[in-house]
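Below: the structure, in structure tokens.
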Amino acid sequence: MVVIFARSEQEATTEEVQFDMNKSIKDFLLNLKKKNIKLSSEIASETIKLLERIITNSEWETAKDLMQIIRDTGKTLTRPFYVHTVVGNMVKRTLKIIRDEYLNAVCGKIEDYDVQESLQKMVSAQEDEEMDYSEKVNSLKKSISANLRELMEECERSPEVIAMQSEEHIHSDEVILTFGYSRTVEKFLKAAAKRICNVIVVQGGRKLGVLEMAKSLTESGIKVTLISSACMLPIMPHVNKVIVGAHCVMGNGGLKAVCGVHPLALAAEHHSVPFYVLAPVFKLTPQYVSSSDQEGFNHDLPPEELIGFEDIDLFRGVEVVNPAYDYVPPDKITLIIFNTGGNSPSYAYRPLKELYHPDDHEL
11 MVVIFARSEQ
21 EATTEEVQFD
31 MNKSIKDFLL
41 NLKKKNIKLS
51 SEIASETIKL
61 LERIITNSEW
71 ETAKDLMQII
81 RDTGKTLTRP
91 FYVHTVVGNM
101 VKRTLKIIRD
111 EYLNAVCGKI
121 EDYDVQESLQ
131 KMVSAQEDEE
141 MDYSEKVNSL
151 KKSISANLRE
161 LMEECERSPE
171 VIAMQSEEHI
181 HSDEVILTFG
191 YSRTVEKFLK
201 AAAKRICNVI
211 VVQGGRKLGV
221 LEMAKSLTES
231 GIKVTLISSA
241 CMLPIMPHVN
251 KVIVGAHCVM
261 GNGGLKAVCG
271 VHPLALAAEH
281 HSVPFYVLAP
291 VFKLTPQYVS
301 SSDQEGFNHD
311 LPPEELIGFE
321 DIDLFRGVEV
331 VNPAYDYVPP
341 DKITLIIFNT
351 GGNSPSYAYR
361 PLKELYHPDD
371 HEL
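Per the working numbering: the sequence shown = residues 11 to 373.
Written as structure tokens, this is what we have:
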């Protein structure tokens, strides 16, 4: 009877832990849906905290078991359309950390086992297939937690680190054009306030945060001009550089950005104006986009953002489409500035290989 009671108590404890984790996942998704967490760096940090909690409280013995738990959690987290791309990125980064820490403990050093860092890729890939991550490593949980904390710190500091590179890319008396609101772009411009002659901000269809950013830049001593998206092409000959933020950077070096950035890139290309993208490296994703995958790439926002209810009679019977994002091909982009440094879009695959394992590109 004692044995049966002990087993039942253990099962009850396991159920309570599972219930707590499920509740944490639901609360996280609810916060994303209600936009209680807005900044991408905060979303990345909260995702890491959630994954660390799951790693700490889940029952697992081997890296293989843990990777399956994280992969299943990642599928749940990334299923809703409103979930930011960085959530999936953090899940995949966590899987890479688990693999690296396991290999570090079992093989002694990661470099000899990285399937994409040498010309012996096929040999290494064959070795990777033989590695099933089933050996028990006692120190694995501790080392994974330490790496996740470092990753969280990197995500939180990314905008400041990118801003430190501003004087390398902005020269004296330049006119900079940007689109909409981006906290990273704001910090970048303020860091080079003494060099900038004028900042032109395109308001776009969604004006949230634009006026606040313009006020903040003005308080830093920067002259700011607000224009509508209809003025992008006529004003482009007077611009030295276009600098924009990003929702995410795709695996081919293309850009997923707020709607309106693609025509801005076309205008910049037409007038041979350099087009710079600021993106923390946690926004670099192994995903790709094709013309047939718009449903997976994009989603529609409420039409009232473009047309007010007071004008509804004027547009009766008209279908109003308000896509959330634009895709900017890599050939329209001059430079992508990560917190790890500047990269040409054609070299985006290099940091991609360092951050993600090829088996984790799809959860």
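Virtual Cβ for every residue (Gly too), placed ideally from N, Cα, C.
Point to revise | Unbroken stretches of the alpha helix (DSSP H), 4 residues or longer, contained in the segment 146-224 | key: 150-173, 176-179 and 193-201
Practice item. Please name the residue in 78, 102 and 77 whose C-alpha comes closest to that of residue 88. Key: Here residue 88 refers to the residue found at position 78 of the sequence shown. Looking at the Cα atoms, 102 is the closest of the given residues.
Review point. Just curious, the alpha helix (DSSP H) that residue 116 is in, first and last residue?
Key: The residue you call residue 116 lines up with position 106 of the sequence shown. Looking at the DSSP string, the run of the alpha helix (DSSP H) that includes residue 116 is 95-117.
Exercise for review: Determine the DSSP secondary structure at residue 317, reduced to helix, strand or coil.
Suggested key: One-based indexing of the sequence shown puts residue 317 at position 307. Reduced to three states, the DSSP call for residue 317 is coil.
Point to revise | Extent of the continuous alpha helix (DSSP H) run through residue 84 | key: By one-based count along the sequence shown, residue 84 stands at place 74. Taken as a continuous stretch (DSSP letters only), the alpha helix (DSSP H) holding residue 84 covers 73-88.
Review point. For residue 328, which option in 249, 317 and 241 has the closest C-alpha, if you only look at C-alpha atoms?
Key: The residue given as residue 328 occupies position 318 in the sequence shown. For the residues 249, 317 and 241, the minimum Cα distance to residue 328 belongs to 317.
Review point. Where does residue 388 sit, in a helix, a strand or coil, going by DSSP?
Key: Residue 388 falls outside the range modelled here, since the chain spans only 11 to 373, and no answer is possible.
Review point. What is the DSSP secondary structure of residue 363, counted as helix, strand or coil?
Key: Reading the sequence shown from its first residue, position 353 is the one you call residue 363. Residue 363 falls in the helix class under three-state DSSP.
Exercise for review: For residue 351, count neighbouring C-beta atoms within 10 Å of its own C-beta (all shown protein chains included) and say buried if the count is 16 or more, exposed if not.
Suggested key: Mapped onto the sequence shown, residue 351 falls at position 341. The residue in question, residue 351, is exposed, as its Cβ has fewer than 16 Cβ neighbours within 10 Å.
Review point. If residue 61 and residue 38 are in contact, beta carbons under 8 Å, what's the gap, nearest whole angstrom?
Key: Taking the first residue of the sequence shown as 1, we reach residue 61 at position 51. Taking the first residue of the sequence shown as 1, we reach residue 38 at position 28. Incorrect: roughly 10 Å between the Cβ atoms, too far for contact.
Point to revise | Boundaries of the alpha helix (DSSP H) in which residue 67 is found, first to last residue | key: Sequence index remark: in the sequence shown, residue 67 carries index 57 (1-based). That run of the alpha helix (DSSP H) goes 50-67.
Practice item. Look at the alpha carbon of residue 288 and the alpha carbon of residue 269, and state the distance between them as a whole number of angstroms. Key: Against the sequence shown, residue 288 aligns to sequence position 278. Against the sequence shown, residue 269 aligns to sequence position 259. In a straight line, the C-alpha of residue 288 is about 16 Å away from that of residue 269.
**Study point:** Opening and closing residue of the beta strand (DSSP E) in which residue 253 lies
**Key:** Here residue 253 refers to the residue found at position 243 of the sequence shown. Residue 253 -> beta strand (DSSP E) spans 251-254.
Check your understanding: Looking only at its own chain, which residues have a Cβ that is under 6 Å from the Cβ of residue 109, when we skip the five neighbours before and after it?
Key -> The count along the sequence shown starts at 1 and reaches residue 109 at position 99. Within the same chain, residue 109 has close Cβ partners 367.
Check your understanding: Rounded to a whole number of angstroms, what is the C-alpha to C-alpha distance between residue 134 and residue 333?
Key -> Residue mapping note: residue 134 aligns to position 124 of the sequence shown, counting from 1. Residue mapping note: residue 333 aligns to position 323 of the sequence shown, counting from 1. Caution is warranted here: a pLDDT of 46 is assigned to residue 134, below 50, making its placement in the model unreliable, and the coordinate value is therefore given only provisionally. Approximately 43 Å between the Cα atoms of the pair.
Practice item. Check the DSSP bridge columns for residue 339 and list the partner residues they point to. Key: Taking the sequence shown and counting its residues from 1, the one referred to as residue 339 is at position 329. BP columns for residue 339 are empty, so no partner.
Check your understanding: Taking three-plus beta-carbon pairs below 8 Å as touching, is the segment 72-79 in contact with the segment 40-59?
Key -> no
**Study point:** Beta-carbon proximity list for residue 226, same chain, < 7 Å, skipping 5 on both sides
**Key:** Residue mapping note: residue 226 aligns to position 216 of the sequence shown, counting from 1. Only 196 meet the Cβ criterion.
Review point. How many angstroms separate the CA atom of residue 202 from the CA atom of residue 286?
Key: Numbered from 1 along the sequence shown, position 192 holds the residue referred to as residue 202. Numbered from 1 along the sequence shown, position 276 holds the residue referred to as residue 286. Whole-angstrom Cα-Cα distance: 15 Å.
Practice item. Could you spell out where the alpha helix (DSSP H) holding residue 275 opens and where it closes? Key: Residue mapping note: residue 275 aligns to position 265 of the sequence shown, counting from 1. Run containing residue 275: 271-280, per the alpha helix (DSSP H) assignment.
Review point. So the beta strand (DSSP E) residue 2 belongs to, where does it begin and stop?
Key: Past the boundaries of the shown model lies residue 2; the chain is included only from 11 to 373, so the question cannot be answered.
Practice item. Would you list the residues sitting across from residue 352 in a DSSP beta bridge? Key: Within the sequence shown, the letter at position 342 stands for residue 352. Note: residue 352 sits in a beta bridge opposite 347.
Point to revise | Where the beta strand (DSSP E) through residue 237 begins and ends | key: Within the sequence shown, the letter at position 227 stands for residue 237. Element bounds for residue 237: 234-237.
Check your understanding: To which residues of the same chain is residue 187 closer than 6 Å at the C-beta, ignoring the five residues directly before and after it?
Key -> One-based indexing of the sequence shown puts residue 187 at position 177. Closer than 6 Å at Cβ, skipping near neighbours: 210, 249 and 252.
**Study point:** Supposed close pair residue 35, residue 83 - CB separation, criterion 8 Å
**Key:** Numbered from 1 along the sequence shown, position 25 holds the residue referred to as residue 35. Numbered from 1 along the sequence shown, position 73 holds the residue referred to as residue 83. That belief holds up - the Cβ atoms of residue 35 and residue 83 are roughly 7 Å apart, short of 8 Å.
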